[in-house]
Amino acid sequence: MRLKLLAAALAASISAPAYATDIEVTHWWTSGGEAAAVKVFADAFDATGNKWVDGAIAGGGGTARPVIISRIIGGEPMGATMLNHGRQAEELVEAGLMLDLTEIATKEGWRDIVHPVSLLDSCTVDGKIYCVPVNIHSWQWLWLSHKAYKDAGVDVPKNWDEFVAAAPALEKAGIVPLAMGQQAWQTNGAFSVLTVGLGGQDLWTKINVDKDAAAAAGPEMARVFEAYGNARNLSKGSTVSDWNQATNMVITGKAGGQIMGDWAQGEFQVAGQVAGVDYTCLPGLGIQEIISTGGDAFYFPKTDDAEKTKAQLEMASMMLSKEVQVAFNLKKGSLPVRGDVDLAAANDCMKKGLAILASGKILPDGNQVLSADTQGQLEDLFVEFWNDTKITPEAAQANFAKIIGDAD
Amino acid sequence: MADTDMATDFTGDHGPKPKKSISGRNIMLYGTLIVFAIYYLLPLYVMVVTSLKGMPEIRLGNIFAPPVEITFQPWVKAWSEACTGLNCDGLSRGFFNSVKILIPSVAISIVIASINGYALANWRFKGADVFFTILIFGAFIPYQVMIYPIVIILREMGLYGSIWGLVMVHTIFGMPILTLLFRNYFTSLPQELFKAARVDGAGFWGVFFKIMVPMSLPIFVVAMILQVTGIWNDFLFGVIYTKPASYPMTVQLNNIVNSVQGVKEYNVNMAATILTGLVPLVIYFVSGKLFVRGIAAGAVKG
Amino acid sequence: MDTYKRPSQLFRNMSAKIASIPMVMTALVIFVGCTVWTITYSFTGSRLLPKLKWVGMKQYDRLFDTNRWVISIDNIIIYGICSLILSLTIGFILAALLDRKIRFENTFRSIFLYPFALSFIVTGLVWQWILNPQFGIQHVVREAGFLSFSFAPLQSNEYVIFGVLIAGIWQGSGLIMALMLAGLRGIDEDIWKATRIDGIPLWKTYIVVIIPMMRPVFVTALVLIASGIVRVYDLIVAQTNGGPGISSEVPAKYVYDKMFLSQNLGQGFAASTVMLLTVLVILIPWAYLEFGGRKQNG
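Residue numbers (my numbering), protein chains in the order written: chain A, 304 to 711; chain B, 17 to 318; chain C, 14 to 311.
This is the structure in structure tokens:
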């Protein structure tokens, strides 16, 4: 093993034009597909003559983030780190702890190649660019199991209303209509999807972007809450906690459908299922074909070491390059941030997503418009609602309006 | 120092001698013990059995059934193959890091706490009780609150990111309980010994090393058990106050257990769990006897 | 004592003072310092990084207006009381049984003590599994023919905290047993003889004579258990992650989640300040009586 490493290092040092610099990269991508995607980055970076030192921390952002922030304020930062872009890293940037990427961004014309350009705006503070968006993930998908509907003897629904109407038949056949993991972020995400699907883009924008408490308490939202309360009843019998366990219920036909982001696609792929044959994906619940454009981004903490800075910039440039974007996103199951790459290898669901993206029917992601704090409050609200049938939709809506009203 | 000899002929057990081996009372006694033993053993049994099963068997069977086909693959995978991000070397990577963190942390925290306890028990100075009360209060502060201020303190001391910073953190957080233990123990030792040594002209350190330490094996064992357990099992401090090159084994355990993969590999998780717990477990079983002998030796005060 | 001179108050007991420097520094800089720091920043609107942006009592108003915090407090009270009583009782009973000159004492003691060697993360995972209705205890009992048997505390809003308690007691009561055993072994044989001669029943001997003599052991045990209760976090994360819904949330988890997931340091600090104050209100009078009020050595 060590010999192999040595050989690799030797090979790298021979072919490398510049001095090799170690860049430690922290992230929380640890599932099978995610790790494969990271490997694309690592290989591409090593090919530039530098060395990617992997610092994966499992357990999600809650575990990784205190580590990342401690390292940065402790004065021993890593070379690069993943963070959800948008509002989360704002303060680190303002404190002058992050490397300014504006120069390279201008040189390579990031503003022209990144699509949608709002992703780059999320990396921008006071006109300067501080992060590299690497992918687009969208939440607005309803995944349906063909097997479940066949077993129940009904047609696969084409939209949310048909899905609700078909539920009694599924229940009669002993199938859970709606699979839902018990973690807070999942119930919160599903709510947001219902808001867009049933309430429309304007309503969603009014509430999440303009923080309009009156709209949040209004009759249009009341309908969304009613539907959400109804969905709660449809998921009775779904006691799993992880999202991929819930997806597995759909794959095996134990559940009719699941509201989950496009990352669920990877699970169907791993299980050898084919879109349109074994499962159906409905963007925007089949009502409004619209997707949100959240995603992941990399930040580069500032260092005094010129060599390191140079390597950091090389990494930033590598992450946005055409070939890497294609290879990375195919592995990750997400959409590339460049509008000018060809994803011929993409499957049907991904192509649906790409088409919607090209048509411009897009929303910002919840993490881009709401602070982590507000998101946390919403998660608490919805996961409690979902698990306690004593809470009425009306009561939940009142709390919801209050949180939106207090949001900053 | 004739007192120490008393320890050797001390029997260690109390209570009336049982009259018959089979009596109603004995059945009650052993019955209760066995019921409790089942409660305590059940999880270990489940862990071991599960770690020896293949995934298909786990999905079908119940968790208490013994494995039909014993496989050691989960153990191999947990130790050397499980992946975190790009590093596919399982737990093995963290083992020596954990040892490197454990030894100085346990040693330094116990040395400092024993001196604290000794000073508090035998050399009380003005205000000592105030500091001690603050220390006990410190045992109740949630760790999470201290994360950022300690990062800043370590940075200013130039210790952030090094093993010594972590050693200091473990020493600080172990101090309240350990100091309490040592103080109680030293207080319970016969005062005559202390006075006699003082008359012989021994000072602060003289009494400590010649009288107190040799008589305190049991409490050192208890302190060691507490610290080994706490420090070996620590995840949060290890990951926050060091750099990846010195991450302890628990970080890899967390990574293996928390990675959301296609299927949760319960057998690998359980094997990883047992492997990570092995060091404290072994120390428990080895020091168990010392524990008893030590306790007997500690009982000379009568 | 003529070999020892006493020059002045400051230099009196000099070695002890020097030796206590680490303790004094820890007490002042870490525990007092960080507490003051935390309380100060609980009045700010700090988000990701601590900043002195004053917002008055806003964080506290929000805290007590938050359903999750109220539930967390309820849970920690229930968990705390049950855990304290059960740990002390089980610990003492097991120690007393082991002290009855039994066979296989070493084996039993090791069995009761070993769970303490395992982390809360492990404890939570294993018990989550055993209590899982689909393949744990409920499943096994149903397979044995009792089809209506229902035991799924972790899936119930009302009983989930007791499911956590089963795991918590399993992990922690062994250490209490060990401490109690050490205490019992420290009791003089003469006392047992005296009570036997006087004809005092065994149970009464324990309650009236032995337990009062073991006061320091109980104090240590109490501090150990109570500090564990206040800090309970890992166990919840591993076993229930606060669920179902938010019905097994605890204060320490609220603090952690607000600080690091929601990136609202101010709110997290306010919650921890409330935790600290609660502990202080309970602890200071007790600590004063226990440690400060009387001189233990003459």
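Every residue, glycine too, gets a C-beta built ideally from N, C-alpha and C. A quick note: this is a predicted structure, and the numbers were derived from the prediction, not measured.
{"Query": "C-beta contact flag for F466(A) and G559(A) at 9 angstroms", "Result": "yes"}
{"Query": "Limits of the unbroken alpha helix (DSSP H) element including G110(B)", "Result": "S108 to N138"}
{"Query": "Beta-carbon gap between I124(B) and M36(C) smaller than 9 angstroms", "Result": "no"}
{"Query": "Opposing strand residues paired with H440(A) [DSSP bridges]", "Result": "G597(A)"}
{"Query": "Within-9 angstroms CB hit, N321(B) to chain C", "Result": "Because chain B in this structure spans residues 17 to 318, residue 321(B) falls outside the shown range and cannot be described."}
{"Query": "DSSP beta-bridge partners of P586(A)", "Result": "W444(A)"}
{"Query": "Residue-level contact to chain A via CB, I272(B), 9 angstroms cutoff", "Result": "yes"}
{"Query": "Cutoff 9 angstroms: F159(C) Cβ touching any chain A Cβ", "Result": "no"}
{"Query": "Contact residues within the segment 247 to 265 of chain B, judged by C-beta distance below 7 angstroms to chain A", "Result": "V255, I256, K259 and P260"}
{"Query": "Supposed contact pair M618(A) and A348(A) - C-beta distance, whole angstroms, cut 8 angstroms", "Result": "Just to set this straight, residue 348(A) is Phe in the shown sequence, not Ala. That pair is a contact at about 6 angstroms."}
{"Query": "Nearest neighbour of Y55(B), chosen from V245(C), G181(C), Y267(C) and L296(C) [CA to CA]", "Result": "G181(C)"}
{"Query": "Contact list for K71(C) against chain B, beta-carbon separation under 9 angstroms", "Result": "Within chain B, no residue comes near K71(C); the closest Cβ sits about 19 angstroms away, beyond 9 angstroms."}
{"Query": "Residues bridged to H330(A) [DSSP beta-bridge criterion]", "Result": "A359(A)"}
{"Query": "Chain E contacts made by the segment 166 to 185 of chain C, where a contact means CB separation under 9 angstroms", "Result": "Absence of chain E from the displayed structure is noted, the protein chains being A, B and C."}
{"Query": "Spatial distance of S232(B) from T253(C) (CA atoms)", "Result": "41 angstroms"}
{"Query": "Whole alpha helix (DSSP H) elements within the segment 502 to 541 of chain A, 4-residue minimum", "Result": "503 to 511, 516 to 520 and 522 to 537"}
{"Query": "Residue range of the unbroken beta strand (DSSP E) whose run includes I562(A)", "Result": "A558 to I562"}
{"Query": "Distance between beta carbons of L666(A) and I706(A), contact taken as under 8 angstroms", "Result": "In fact, because the Cβ distance is near 19 angstroms, the residues do not count as touching under 8 angstroms."}
{"Query": "Beta-carbon proximity check, K655(A) vs P586(A), cutoff 9 angstroms", "Result": "yes"}
{"Query": "Residues of the segment 268 to 287 of chain C with Cβ closer than 9 angstroms to any Cβ of chain A, in chain order", "Result": "Y269, D270, K271, M272, F273, L274, S275, Q276, N277 and Q280"}
{"Query": "Selection from A345(A), T695(A), A699(A) and G502(A) that minimises the alpha carbon distance to I593(A)", "Result": "G502(A)"}
{"Query": "C-beta atoms of V396(A) and G484(A) nearer than 9 angstroms", "Result": "no"}
{"Query": "Interface flag, T289(B) vs chain A, CB-CB below 9 angstroms", "Result": "no"}
{"Query": "Cβ neighbours of I249(C) in the same chain (closer than 7 angstroms, five flanking residues each side left out)", "Result": "V177, G255, S261, V263 and K266"}
{"Query": "Proximity winner among G663(A), V577(A), D607(A) and V420(A), relative to S448(A) (alpha-carbon distances)", "Result": "V577(A)"}
{"Query": "DSSP three-state assignment for I210(C), whether helix, strand or coil", "Result": "helix"}
{"Query": "Neighbouring residues, chain B, relative to A600(A) (Cβ below 7 angstroms)", "Result": "In chain order: nothing, as chain B lies at least about 18 angstroms away."}
{"Query": "Simplified DSSP assignment, three categories, for L767(A)", "Result": "Since the displayed chain A opens at 304 and closes at 711, residue 767(A) lies outside it and no answer follows."}
{"Query": "Span separating the alpha-carbon of K211(B) from that of I117(B)", "Result": "39 angstroms"}
{"Query": "Alpha helix (DSSP H) runs contained entirely in the segment 241 to 269 of chain B, provided each spans 4 or more residues", "Result": "252 to 257"}
{"Query": "Nearest-angstrom Cα separation, counted from T136(C) out to P83(B)", "Result": "22 angstroms"}
{"Query": "Distance CB(N271(B))-CB(G362(A)) smaller than 9 angstroms", "Result": "yes"}
{"Query": "Neighbouring residues, chain C, relative to G110(B) (Cβ below 9 angstroms)", "Result": "Within chain C, no residue comes near G110(B); the closest Cβ sits about 14 angstroms away, beyond 9 angstroms."}
{"Query": "Stretch pair the segment 72 to 89 of chain B + the segment 136 to 153 of chain C: three plus CB contacts closer than 8 angstroms", "Result": "yes"}
{"Query": "C-beta atoms of P158(B) and Y246(C) nearer than 9 angstroms", "Result": "yes"}
{"Query": "Cβ-based contacts, 9 angstroms cut-off: residues of the segment 154 to 165 of chain B near chain A", "Result": "Q160, I163 and Y164"}
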